[in-house]
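Just so you know, the sequences run in chain order Y and B.
For the record, in the first sequence the residue sitting at position 193 is 192 according to numbering that gives the first Met the number 0, with numbers rising by one throughout.
For the record, in the second sequence the residue sitting at position 217 is 216 according to numbering that gives the first Met the number 0, with numbers rising by one throughout.
Ideal placement from N, C-alpha and C gives every residue a C-beta, glycine not left out.
Note that the structure is predicted; figures quoted are calculated from it, not measured.
There are 2 protein chains.
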Amino acid sequence: MVSRRAPTMRDVALRAGVSTATVSNVLGNRKAVDPELAKRVLEVAAELDYQIDRAASQLRTGRAAVVAIVVPSLDNPFFTGFIAAIERAVQGEGYDIIVSSSNSDEVQERARISAMLSWRPAGLIVVPCSDAFPARSLTDVSGVPVVAVDRIAGVGGISSVSVNNRAAARLAAEHLLGLGHARILVCASSLLLANIRERCDGVRAALAEAGLPAPAIVEVGLTFDIVPAILSPHLISPDRRATGIIALTNTATLGVLSAARDLGLVVPRDLSLVGFDDYAWMIASTPPITAVRQPLDGLGTAAWELLKQRIASPAGEPQRLIFSCQLEVRRSTRSIGPSLAAGPSA
Amino acid sequence: MVSRRAPTMRDVALRAGVSTATVSNVLGNRKAVDPELAKRVLEVAAELDYQIDRAASQLRTGRAAVVAIVVPSLDNPFFTGFIAAIERAVQGEGYDIIVSSSNSDEVQERARISAMLSWRPAGLIVVPCSDAFPARSLTDVSGVPVVAVDRIAGVGGISSVSVNNRAAARLAAEHLLGLGHARILVCASSLLLANIRERCDGVRAALAEAGLPAPAIVEVGLTFDIVPAILSPHLISPDRRATGIIALTNTATLGVLSAARDLGLVVPRDLSLVGFDDYAWMIASTPPITAVRQPLDGLGTAAWELLKQRIASPAGEPQRLIFSCQLEVRRSTRSIGPSLAAGPSA
DNA sequence: GCCGTCTCAAAAATCGATTTACGCGAAGAC
DNA sequence: GTCTTCGCGTAAATCGATTTTTGAGACGGC
């Protein structure tokens, strides 16, 4: 509790017998300084445990060494995994992150982004909670570089990172078709989200190519606990129920598992399941869950790279990066007959 | 891309025909201002989309409306859930959070805390990555209020929040004893952590009271994937292997599940399992996992409350808050004989 | 009617790091 | 030998919000 005030650059300068400008130049590697003086400055700085005051530094330079991140939820491992990836990427480049959750609400999203912008961060990485991304106007005015991630349908004109949702869902569908599944149910979180709609399209396209009718699509919401109630009616009739389910998000995947168990259905005996996102529990689960893995680390790294580009040249052309997903085949899917997949025609 | 510079308080003042001091007083609710003027100021501020520059504000006042959070990992849902809880708590009080991961490394922890402190945050909430918490010295000097969470063995003299680990583990042990399990294996992450040692003690105490020998304790590390290899030797012999396992962290729980499945052991038929922490996947899992639930939301809220206390009166007595955990009985544990629990003697 | 008091806004000082403008001395050019 | 760079360091101005100080006007008391 030795609450003497933190040392300032002035303290360091005085003690080293130089001016504050010199200290600033040494510490910021800005202008050539006599090595002798530089050494003394560094020594004194270390001795006093001197830390640059970020507020003062930022006020003068106008930019903060901080990246603001806004995601729909901090309780969803997809988003926190993404944040972790960004944190790893900005580490060592001297940036810190401030994070905030929009609670999947456009009004809150706007408010949170507005608050973040008052830090005048070097950049903003946002996973919009809807396709509309109405906060767009805010970022335009502020001139802070922005990268949108994952839900990027409505965000023309800014850099973005996402996955190829159609291809990813197609991967899942073709896997089930290859195992002979014809009756496929898609368990979607919310069709208001463009990425979810794209995944539905991917499944639809794969089925159409195989000469099958469009899949049933059930909307189960963003939280896990209500899924069983919504899903049960679709799973009760043994004759007409789907043999394969594609769950389009991690919470949907949990919901399907839980609903199936409640109804006494065994995966994969009674029901084959392909999930989305890839977590430790999917591997530890019995059976391990076949899932489409989104390259979380790649997304995070790429978001930071694109943001750096925008920081370096704000006038440059915005870029869109699209990652592919991989299917991790495990044991929650099983073959029930000859392949229905539309094979290569060659 | 209308990159005109953001409006300053001076712009607002000029346009409203008042001084910057008046604008500051209106916006900060600081001193009585003529309602007429106040109204005009607010109108102009709204019109210009004016946002206070936090750097300038902070430089002048010396304190930032920001809470720094340092946790061992952002990939562990326990810590991110905790962060989510804090974010909810500080929301609406005008604070933002900056978060950082120490990667379970003391050196990095110190570096990250040092970096956080250069923001001169209103407070720091830290989950130390070891009992030693050597970064303690930093926070002492800076005078920034600190609250330590979860791993608080070595941190006397500062406020802290934790759970009653002994009691929590005892809950798990008594549950298994009540179901007739005598051979109990404890699956611990790392015995270098005091909270883990306390949990071991809790199990030991419960067994001792029931007149049973001390449990076997296996150290499985902090990540999930190596657990099966470490655990297998303890699970192969059907005669001598434990009938009940207590996994002391969420990753250990995943590891046990995965190891059991690899060995063809069915939970709970061959093995009863009590996990730690409580997540959606434990409910969705087949069988649903019996687990000791740590009150994540309570921990987060409490950490913020204690921090607020320290901010308000830095000289006050540090407080330690200890929460209780609850056992969520699900289906991963089963009875194998008469209760062995030391019942109430009355 | 004069003076003291009180209210509230304007003016000015301040926070600490950065950066511009300037000055001094040494090195190089003719 | 004088004049011009050039290198490097210092003093001072600056960023924008807050806070202290100053001052103008209103009001009340005697």
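B/Ile-244: contacting residues in chain Y (beta-carbon distance under 9 Å) = When 9 Å is used as the limit between beta carbons, B/Ile-244 is near no residue of chain Y, the shortest such separation being about 14 Å.
request  = Measure how close the beta-carbons of Y/Ile-68 and Y/Ile-82 come, nearest whole angstrom, since I'm counting them as under 8 Å.
outcome  = Between Y/Ile-82 and Y/Ile-68 the Cβ distance is about 6 Å, and since that is below 8 Å, they are a contact.
ask   = Can you name, in chain order, every residue of its own chain whose Cβ lies under 8 Å from the Cβ of Y/Asn-163, other than the five neighbours on each side?
value = Cβ within range, chain order: Ile-321, Phe-322, Ser-323 and Cys-324.
key: Opening and closing residue of the beta strand (DSSP E) in which Y/Gln-308 lies   = Not the beta strand (DSSP E): Y/Gln-308 falls in the alpha helix (DSSP H), residues 295–311.
task = Tell me, please, which residues DSSP counts as bridged to Y/Gly-122.
result = Bridge partners of Y/Gly-122: Y/Val-66.
key: Among B/Arg-9, B/Pro-267 and B/Asp-224, the one whose alpha carbon lies nearest that of B/Ile-335   = Per the Cα distances, B/Pro-267.
ask   = Helix, strand or coil: how does DSSP classify B/Ser-338 here?
value = In the three-state reduction of the DSSP assignment, B/Ser-338 falls in the coil class.
message = Along the stretch 84–97 of chain Y, where does the CB come closer than 7 Å to a CB of chain B? Name the residues.
response = The residues in question are Glu-86, Asp-95, Ile-96 and Ile-97.
ask   = Does the stretch 280–292 of chain Y come close enough to the stretch 102–114 of chain Y that 3 or more CB-CB pairs lie under 8 Å?
value = Under the three-pair Cβ rule at 8 Å, the stretch 102–114 of chain Y does not count as touching the stretch 280–292 of chain Y.
query = Could you give the uninterrupted runs of the beta strand (DSSP E) lying entirely in the stretch 245–288 of chain Y, keeping only those of 3 residues or more?
reply = If only complete runs of 3 or more residues are kept, the stretch 245–288 of chain Y shows the beta strand (DSSP E) at 271–275, in order along the chain.
message = Does any residue of chain B have a CB that is nearer than 7 Å to the CB of Y/Ala-54?
response = With a threshold of 7 Å between beta carbons, Y/Ala-54 makes contact with chain B.
request  = Grab the span of the alpha helix (DSSP H) containing B/Phe-81 for me, first residue to last.
outcome  = Unbroken alpha helix (DSSP H) run through B/Phe-81: 76–89.
query = How about Y/Thr-79 and Y/Leu-178: are their beta carbons less than 7 Å apart?
reply = No, the pair does not count as a contact, with Cβ atoms beyond the cut-off.
query = How would you call B/Glu-42, buried or exposed, if buried means at least 16 neighbouring beta carbons within 10 angstroms?
reply = Result: exposed.
ask   = Of all Cβ atoms in chain Y, is any one closer than 7 Å to the Cβ of B/Ser-2?
value = For B/Ser-2, the predicted model reports a pLDDT of 48, less than 50, meaning its position is unreliable and no value from the coordinates is stated.
request  = With 8 Å as the limit, tell me which residues of the stretch 114–125 of chain B have their beta carbon closer than that to any beta carbon of chain Y; keep them in chain order.
outcome  = Under the 8 Å Cβ criterion, the stretch 114–125 of chain B contributes Ala-114, Met-115, Leu-116, Ser-117, Trp-118 and Arg-119.
ask   = Pairing CB atoms from the stretch 145–152 of chain B with CB atoms from the stretch 121–135 of chain B, are three or more of them under 8 Å?
value = Counting Cβ pairs under 8 Å, three or more are found: they touch.
inquiry  = Against chain B, with Cβ distances strictly below 7 Å, would Y/Phe-81 count as a contact?
reply    = For Y/Phe-81, no CB of chain B lies under 7 Å from its own CB, so it is not counted at the interface with that chain.
inquiry  = Can you confirm whether Y/Phe-223, when its beta carbon is compared against all beta carbons of chain B, has any partner nearer than 7 Å?
reply    = True, the Cβ-Cβ gap to chain B drops below 7 Å.
task = Take Y/Glu-173 and list the residues in its own chain whose beta-carbon comes closer than 7 Å to its own, dropping the five residues that flank it on each side.
result = Taken in chain order, the residues that qualify are Ala-205 and Ala-340.
message = Check this for me: beta carbons of B/Ala-84 and B/Asp-296, under 7 Å apart or not?
response = Yes. Within cutoff.
query = Thinking just about the alpha-carbon of each residue, which of B/Leu-270, B/Ala-147 and B/Ser-231 is nearest to the one in B/Arg-319?
reply = By alpha-carbon distance to B/Arg-319, the top candidate from B/Leu-270, B/Ala-147 and B/Ser-231 is B/Ala-147.
inquiry  = Alpha carbons only, please: which of Y/Ala-171, Y/Arg-14 and Y/Ala-44 is nearest the one belonging to Y/Val-25?
reply    = Among Y/Ala-171, Y/Arg-14 and Y/Ala-44, the Cα nearest to that of Y/Val-25 belongs to Y/Ala-44.
query = So B/Ile-348 is in the alpha helix (DSSP H); what residue range does that whole segment cover?
reply = Because chain B in this structure spans residues 0 to 345, residue 348 of chain B falls outside the shown range and cannot be described.
task = Give the single residue among B/Ile-195, B/Val-22, B/Val-185 and B/Gln-57 whose Cα lies nearest to the Cα of Y/Trp-118.
result = Closest option to Y/Trp-118, Cα to Cα, is B/Gln-57.
request  = Could you work out which residues of chain Y lie near B/Gln-57, taking near to mean beta carbons separated by less than 7 Å?
outcome  = Simply Ala-54.
query = Looking only at DSSP bridge pairs, what is Y/Gln-325 linked to?
reply = According to the DSSP secondary-structure assignment, Y/Gln-325 is paired through a beta bridge with Y/Arg-292.
inquiry  = Which same chain residues end up closer than 6 Å to Y/Ala-301 when comparing Cβ atoms and leaving out the 5 residues on each side of it in sequence?
reply    = Val-160 and Leu-320, listed in sequence order.
inquiry  = Just verifying my parser: in three-state terms, what is the DSSP assignment at Y/Val-145?
reply    = The answer is strand: DSSP assigns Y/Val-145 an E or B state.
key: Nearest candidate by alpha-carbon position, reference Y/Val-328, set Y/Ile-288, Y/Ala-209 and Y/Trp-303   = For Y/Val-328, the closest of Y/Ile-288, Y/Ala-209 and Y/Trp-303 by C-alpha to C-alpha distance is Y/Ile-288.
ask   = In chain B, what lies closer than 8 Å to Y/Gln-50 by C-beta?
value = By Cβ distance, chain B contributes Ser-113, Leu-116 and Ser-117.
query = In the structure shown, what three-state DSSP assignment does B/Leu-211 receive?
reply = Coil at B/Leu-211, not helix or strand.
task = Using the Cα positions of Y/Ala-121 and B/Ile-310, report the straight-line distance between them to the nearest angstrom.
result = Here the alpha carbons of B/Ile-310 and Y/Ala-121 stand approximately 29 Å from one another.
message = Is the beta carbon of Y/Leu-270 closer than 7 Å to that of Y/Ala-259?
response = Y/Leu-270 is positioned such that its CB atom lies closer than 7 Å to that of Y/Ala-259.
query = Quick one, which residues of the stretch 273–297 of chain Y are near chain B if we go by CB-CB under 7 Å, in chain order?
reply = For the stretch 273–297 of chain Y, residues whose beta-carbon sits nearer than 7 Å to a beta-carbon of chain B comprise Ala-279, Trp-280, Ile-282, Ala-283, Ser-284 and Thr-285.
message = Residues in the same chain with beta-carbon distance under 6 Å from B/Gly-201, minus the five sequence neighbours each way, listed in chain order, please.
response = Leaving aside the five residues that flank B/Gly-201 on each side, the residues in its chain whose CB is nearer than 6 Å to its CB run, in chain order, Arg-165, Ala-168 and Arg-169.
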